[in-house]
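These notes are about the structure you will find just below.
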Amino acid sequence: MKVSGTLIMYTIAPLAVTIIPGPTMLLALTNGVTKNARIISMGMAGAAISDLILIGLVALGLGSFLRCRPSG
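If you're matching positions, the sequence shown starts at 1 in this note's numbering and goes up one per residue.
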């Protein structure tokens, strides 16, 4: 079975995104080490809500809108 370059790149990209911490992960780690449970919970809720908003906007077609919009 021949493995295509696209499949290899797709395998590498999610792995890299998972391994490299982004701003949300760094905030969660910092809060987890230095803050109390209430602040940690609020940070987790904020991250989850922002993800839901982003997923909702994508589902409503924000990606298509931005792709068709002229840049400049």
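Every residue, glycine too, gets a C-beta built ideally from N, C-alpha and C. Predicted model only: the values in this text are computed from it and were never measured.
Have a look at the options and flag the residue whose alpha-carbon is nearest the alpha-carbon of residue i.
i	options	result
ALA45	ALA13, THR24 and VAL58	THR24
Would you call the CB atoms of residue i and residue j closer than 8 Å?
i	j	result
ILE121	GLY32	Absent from the structure is residue 121, since the part of the chain shown begins at 1 and ends at 72.
GLY43	LEU27	yes
Per DSSP, what kind of secondary structure is residue i in: helix, strand or coil?
i	result
ILE39	helix
GLY63	helix
GLY73	Residue coverage of the chain in this structure runs from 1 to 72, which leaves residue 73 outside it and unanswerable.
VAL3	coil
SER50	helix
Spatial neighbours of residue i within its chain, please: C-beta separation below 8 Å, excluding the five flanking residues on both sides.
i	result
PRO21	LEU29
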